[in-house]
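Mapping the sequence shown onto our numbering, position 302 (from 1) lands on 304, and the numbers just tick up by one.
To start, the structure itself, in structure tokens.
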Amino acid sequence: MVWQRAAVFAALLFFWQAVPALAQDVTLSSPDGSVEITGTLLGYDGEFYRVDTQYGELTVDGSGVLCDGPACPSLTDFVAEVAISGSSTMAEVLLPALLEGFALRDGWQTLRQDLDSEHFDYVLLRPSTGKAIARFSFRVTNTDEGFADLLANEADVIMAMREIREGERSRAREAGLGDMTETNRNRVLALDAIVPVVAPVNPVRRISTTQLARVFAGRITNWSDLGGPDAPISLHLPVAESGLSQSVEDRLMKPVNLALSDTLVRHALSSDLARAVSTDPFAIGMASFAETGSTRMLTLTGECGFSMNASRRTIKTEDYPLTSPMFLYLPARRLPKIARDFLIYTRSPAAQIVIRRSGFVDQAPERISVNVQGDRLANAISSAGAEVPLDELQSMISSLRPLSRLTTSFRFETGSARPDSQSRANIEQLARAIASGAHDGGTLAFVGFSDGDGPAEGNRRIALKRATAVRDAVLAAADTADLSRLTVKVEAFGEALPMACDDSDWGRKVNRRVEVWVR
Numbered sequence: 003m004v005w006q007r008a009a010v011f012a013a014l015l016f017f018w019q020a021v022p023a024l025a026q027d028v029t030l031s032s033p034d035g036s037v038e039i040t041g042t043l044l045g046y047d048g049e050f051y052r053v054d055t056q057y058g059e060l061t062v063d064g065s066g067v068l069c070d071g072p073a074c075p076s077l078t079d080f081v082a083e084v085a086i087s088g089s090s091t092m093a094e095v096l097l098p099a100l101l102e103g104f105a106l107r108d109g110w111q112t113l114r115q116d117l118d119s120e121h122f123d124y125v126l127l128r129p130s131t132g133k134a135i136a137r138f139s140f141r142v143t144n145t146d147e148g149f150a151d152l153l154a155n156e157a158d159v160i161m162a163m164r165e166i167r168e169g170e171r172s173r174a175r176e177a178g179l180g181d182m183t184e185t186n187r188n189r190v191l192a193l194d195a196i197v198p199v200v201a202p203v204n205p206v207r208r209i210s211t212t213q214l215a216r217v218f219a220g221r222i223t224n225w226s227d228l229g230g231p232d233a234p235i236s237l238h239l240p241v242a243e244s245g246l247s248q249s250v251e252d253r254l255m256k257p258v259n260l261a262l263s264d265t266l267v268r269h270a271l272s273s274d275l276a277r278a279v280s281t282d283p284f285a286i287g288m289a290s291f292a293e294t295g296s297t298r299m300l301t302l303t304g305e306c307g308f309s310m311n312a313s314r315r316t317i318k319t320e321d322y323p324l325t326s327p328m329f330l331y332l333p334a335r336r337l338p339k340i341a342r343d344f345l346i347y348t349r350s351p352a353a354q355i356v357i358r359r360s361g362f363v364d365q366a367p368e369r370i371s372v373n374v375q376g377d378r379l380a381n382a383i384s385s386a387g388a389e390v391p392l393d394e395l396q397s398m399i400s401s402l403r404p405l406s407r408l409t410t411s412f413r414f415e416t417g418s419a420r421p422d423s424q425s426r427a428n429i430e431q432l433a434r435a436i437a438s439g440a441h442d443g444g445t446l447a448f449v450g451f452s453d454g455d456g457p458a459e460g461n462r463r464i465a466l467k468r469a470t471a472v473r474d475a476v477l478a479a480a481d482t483a484d485l486s487r488l489t490v491k492v493e494a495f496g497e498a499l500p501m502a503c504d505d506s507d508w509g510r511k512v513n514r515r516v517e518v519w520v521r
């Protein structure tokens, strides 16, 4: 029978437990009574039952069966439950704002219930009856705690300010949660950056990344060494378990083989850090770009004179060196339909507006004309020399002048040809745009650039190889697109357009990139 085959096939599914295990027997039967399944009800998500039977664990489509027994859930009053845990930076503003936008789009009401300092619920209600249809339960801590809840099977969605680490990935796989690095197990929700901040009255405006690392290592302890007053420097960071703090260690300290000072003042919430720094004229902190409060961001500089400020555009393009994608991680189990709909919504144009209005950096691509890229072109001219002659710069400008740069860029993991986490998300995003016809009738150019380490011609070949690889990855992901409707090109200019100094790992990483130019 079709129903029997569907039930057997469904048994192979890995299923989300949407309600607590009831440990009571139920009987699921087909409408004509010819097939019955009896066992202990393990869960129901509004669509599927999960039952422990003498044949093992079965997952059965609820639309084709009748449920009999004391543990059978109410089909009319079912409330989907979703547990979300992790980063306070994401939980305090971003996720609630997205839930509000999602509810508004579909005509539901929302009710926030604050439970204690770490927990709150967002309940979605039917406006006609006031009955709850879904409850999103938040545990607000940090990235480490979020992954711990995932491994303990106490969370369905993890908010993380960094990528999952190898040990966490291995333990998740061993626990049957799948490979959390796969595309369908994680997604970049929004973009952020780690920014050095000081009080508005502090006279220091600029700091090199080397100086910044030495400050947080306790090697530079007085503002006078940075051109400021003769006063000791007070250091502020989020708690060690937070993804932002761990990114400071990974992205700023480790490349120069320095460890964080033991005199740091730690803060559980990013907003607390910003408040503390803003009221102390001799403090410096590393904060989220979205949560700088009334502090002032310092400009990052390199030893060669290049400088970069954190802004929405420089974070989107990863031109700012300390970008920090904000992740959602999802175990390999089924979420209720309303939760799946919410995750789809987070990628929509409407959600990108919500993200931007919440103070975070959205992923909606923007176009940047050649005319507004004076600093980049000035850097190219000042860095030109024997290996990058004037005619090569002229050729580059001639090729790019008719086009506009997309904020969708691609960079690579250190010492690898693999795109970094933000770039992997950009591949999927650009592929969806191509498949939707957003670039039909136009030109899409993948343009490779390199750092200046090594011979210029060799760097140009490497840049061309990377640009070709990114193009192929994007087109492969856009498998439903009609590519005859657009022109796709690949070019490379090697080290001709540097973004940062090549005297540091982060500077070289910023310079190794593939840009997308469109017309």
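Yeah, the Cβ is synthetic: ideal placement off N, Cα and C, and Gly gets one too.
In this text the structure is predicted, and so the values were computed from the model without any measurement.
Using three-state DSSP, classify residue i as helix, strand or coil.
i, result
"Trp225", "helix"
"Asp146", "helix"
"Pro240", "strand"
"Ser249", "helix"
"Lys491", "strand"
"Leu24", "Because the pLDDT at Leu24 is just 42, under 50, the model does not fix this residue reliably, and the value given afterwards should be weighed accordingly. Three-state DSSP puts Leu24 in coil, outside helix and strand."
"Gln365", "coil"
"Gly574", "Because the chain spans 3 through 521 in this model, residue 574 falls outside it and cannot be assessed."
"Asp2", "The question about residue 2 has no answer here: the residues shown for the chain are numbered 3 through 521."
"Ile39", "strand"
"Ala82", "strand"
"Ala1", "Any property of residue 1 remains undetermined from this structure, which presents the chain solely from 3 to 521."
"Val512", "helix"
"Ser326", "strand"
"Arg127", "Checking the displayed sequence, the identity of residue 127 turns out to be Leu instead of Arg. Here Leu127 sits in strand by DSSP."
"Val159", "strand"
"Ala136", "strand"
Since residue i is in the beta strand (DSSP E), which residue starts that stretch and which ends it?
i, result
"Asn373", "Neither: Asn373 is in no beta strand (DSSP E) and is coded neither H nor E."
"Phe448", "Thr445 to Phe451"
"Leu60", "Gly58 to Asp63"
"Ser406", "Ser406 to Arg413"
"Trp519", "Arg515 to Val520"
"Arg268", "Val267 to His269"
"Ala469", "No beta strand (DSSP E) holds Ala469; the alpha helix (DSSP H) holding it covers Ala458 to Ala479."
With 16 as the cutoff for other CB atoms within 10 Å, does residue i come out buried or exposed?
i, result
"Arg107", "exposed"
"Ala23", "Because the pLDDT at Ala23 is just 38, under 50, the model does not fix this residue reliably, and the point stays unresolved."
"Gly109", "exposed"
"Asn513", "buried"
"Val190", "buried"
"Gln424", "buried"
"Gly307", "exposed"
"Ser247", "buried"
"Asn204", "buried"
"Gly148", "buried"
"Gln213", "buried"
"Pro75", "buried"
Tell me the residue span of the alpha helix (DSSP H) that contains residue i.
i, result
"Phe344", "Lys339 to Tyr347"
"Met398", "Leu392 to Leu402"
"Glu176", "Glu168 to Glu176"
"Ile235", "It is not in any alpha helix (DSSP H) - Ile235 carries neither H nor E in the DSSP assignment."
"Ala105", "Leu97 to Asp108"
"Lys318", "Arg314 to Lys318"
"Val356", "Pro351 to Arg359"
Could you name the residues that DSSP lists as bridge partners for residue i?
i, result
"Asn188", "Tyr331"
"Ile209", "Leu302"
"Asp116", "Phe122"
"Pro421", "Phe414"
"Val2", "No statement about residue 2 is possible, as the shown extent of the chain runs from 3 to 521 and does not include it."
"Thr55", "Gly58"
"Thr29", "Thr40 and Asp70"
"Ser309", "Thr303"
"Arg141", "Ser87 and His121"
"Phe50", "Asp63"
"Gln111", "Leu127"
Would you grab the beta carbon distance between residue i and residue j for me? Rounded to a whole angstrom, and I think it's under 8 Å.
i, j, result
"Ser326", "Asp422", "Actually they do not touch by this definition, with Cβ atoms about 11 Å apart."
"Asp70", "Val28", "7 Å"
"Thr409", "Ile370", "7 Å"
"Ser401", "Glu493", "6 Å"
"Leu300", "Arg207", "7 Å"
"Pro202", "Ile209", "16 Å between Cβ atoms; not a contact."
"Ile86", "Ala136", "Not really, about 12 Å apart at Cβ, beyond 8 Å."
"Gly580", "Leu466", "Given that the chain is displayed from residue 3 to residue 521, the structure contains no residue 580 and the question cannot be resolved."
"Thr55", "Gly64", "Not a contact, Cβ separation roughly 16 Å."
Sorry if obvious, but does the Cβ on residue i come closer than 7 Å to a heavy atom of the ligand MG?
i, result
"Gly180", "As presented, the structure is devoid of all ligands, the ligand MG included, so that no description of it is given."
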